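Residue numbers (this note's numbering): 239 to 612.
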């Protein structure tokens with residue numbers, strides 16, 4: 239099937255671009271963004287995914303403001319042409335690759351709208367590959383880059399418009415593709431997740447104004463890293479100043495972290511991250527939560543609007559909840575992002591702390607599937 243992207247010199251296989259190189263039903267291509275007011279007035283996130291072998295495309299916009307999280311969800315049959323990144327009233331437009339991306343949500347029945355422009359403040363940084371097996375079968379193998387930026391534009395909830403200004407609205411984005419568990423579960427005998435179900439993942443991009451840091455790790459049940467990445471990269475005041483390649487990008491030799499879990503939850507009350515250069519020089523970062531964001535708002539662990547689930551030819555929905563009324567140990571609320579204030583030496587910054595811990599994790603003191611911290 240020939241589409242508009244076949245006119246570019248971008249082919250990676252002998253097939254047209256619309257046809258993935260593999261038939262795994264969970265092959266995907268996905269955008270994620272977040273943005274926040276530096277004074278803590280709001281925190282929004284965006285997810286947009288294509289699952290060509292499931293024939294689904296979906297998109298989500300969710301924002302926390304005044305103690306309430308509001309979410310738009312949309313889904314459609316996936317178009318063949320990769321240029322069509324549109325789901326009903328929701329659209330993601332790459333205006334200038336790796337420099338500017340526009341996200342629009344036109345007026346719709348949910349009462350949630352936006353017109354936002356992400357402008358890059360750093361080069362994209364490729365993270366280590368995610369690789370995971372379930373009882374011998376490959377279930378996750380993907381690539382991802384993370385990029386820092388700022389936002390301008392507006393969003394509207396319930397008729398109230400909120401301005402988003404670049405000088406006080408920072409954020410980050412990632413772009414990932416490959417294979418990961420999505421959509422409806424498969425039939426047949428269930429996998430065993432190597433004998434003990436669970437996941438431990440921590441991810442934290444922080445913007446300090448002149449430099450940014452990135453940390454990510456998967457750990458097994460006993461706290462041994464199965465994936466670990468950390469780096470420091472310069473940030474700039476405008477997309478035009480960001481170089482095509484960044485000679486000052488510094489990948490760390492290793493990194494350590496510690497999460498302080500809030501009592502009765504699996505949500506951080508604080509954290510420390512230590513980045514270690516090849517020379518042995520250490521950079522200690524302390525994180526203090528400011529706002530929380532439930533990842534189900536953009537489809538993660540959502541009971542009905544999960545990623546890649548077939549909802550029909552086209553469907554949209556909206557929902558809202560008060561952040562102080564949710565059960566933090568409910569399965570759909572375990573996966574959380576927090577806007578955090580960070581300190582690294584004399585530097586003060588803002589960024590994101592992502593945590594998801596399900597099942598036993600010895601360093602955290604968790605012994606069952608969903609027990610909370612003492």
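The beta-carbon is built from N, C-alpha and C at its ideal position, and this holds for glycine as well. Treat the numbers as computed from the prediction; the structure is a model and nothing was measured.
Under 7 Å between C-beta atoms of residue i and residue j
| i | j | result |
| --- | --- | --- |
| residue 386 | residue 418 | no |
| residue 307 | residue 561 | yes |
| residue 506 | residue 591 | yes |
| residue 490 | residue 525 | no |
| residue 546 | residue 382 | no |
| residue 273 | residue 297 | no |
| residue 597 | residue 435 | yes |
| residue 587 | residue 445 | yes |
| residue 259 | residue 535 | no |
| residue 391 | residue 343 | no |
| residue 574 | residue 527 | no |
| residue 556 | residue 350 | yes |
| residue 268 | residue 442 | no |
| residue 407 | residue 275 | yes |
| residue 197 | residue 255 | Residue 197 is absent from the model: the chain starts at 239 and stops at 612. |
Status (buried if at least 16 other CB within 10 Å, exposed otherwise) for residue i
| i | result |
| --- | --- |
| residue 542 | exposed |
| residue 607 | exposed |
| residue 289 | buried |
| residue 265 | buried |
| residue 333 | exposed |
| residue 370 | buried |
| residue 399 | exposed |
| residue 388 | buried |
| residue 497 | buried |
| residue 493 | buried |
| residue 240 | exposed |
| residue 396 | exposed |
| residue 427 | exposed |
| residue 283 | buried |
| residue 352 | buried |
| residue 504 | buried |
Residues of its chain near residue i, where Cβ-Cβ distance is below 8 Å and the 5 sequence neighbours each way are ignored
| i | result |
| --- | --- |
| residue 564 | 532, 571 |
| residue 481 | 361 |
| residue 316 | 288, 289, 290, 292, 293, 294, 295 |
Cβ-based neighbour list, residue i, same chain, cut-off 6 Å, excluding 5 preceding and 5 following
| i | result |
| --- | --- |
| residue 460 | 600 |
| residue 457 | 438, 463 |
| residue 486 | 472 |
| residue 319 | 241, 242 |
| residue 337 | 358, 477 |
| residue 341 | 284, 330, 354 |
Close Cβ partners of residue i (< 7 Å) along its chain, the five nearest in sequence each way excluded
| i | result |
| --- | --- |
| residue 594 | 437, 439, 572, 573 |
Cβ of residue i within 7 Å of any chain C Cβ
| i | result |
| --- | --- |
| residue 578 | Any reference to chain C falls outside this structure, which holds one protein chain only. |
| Are at least three pairs of beta-carbons, each pair with one atom in the region 453 to 470 and one in the region 361 to 370, less than 8 Å apart? | yes
| query | Can you find at least 3 beta carbon pairs, one from the region 447 to 457 and one from the region 309 to 326, that sit closer than 8 Å? | reply | no
| query | What are the start and end residues of each continuous beta strand (DSSP E) run of 3 or more residues lying completely inside the region 267 to 295, in chain order? | reply | 280 to 289
| request: Note down, one range per segment and in chain order, each beta strand (DSSP E) of at least 3 residues found wholly within the region 510 to 576. | output: 520 to 532, 552 to 560
| query | What are the uninterrupted segments assigned as beta strand (DSSP E) that are 3 or more residues long and contained completely in the region 422 to 501, given in chain order? | reply | 437 to 445, 449 to 457, 463 to 472, 492 to 499
| request: Pick out the complete beta strand (DSSP E) segments inside the region 359 to 415, 3 residues or longer, and give them in chain order. | output: 368 to 372, 375 to 395, 398 to 402
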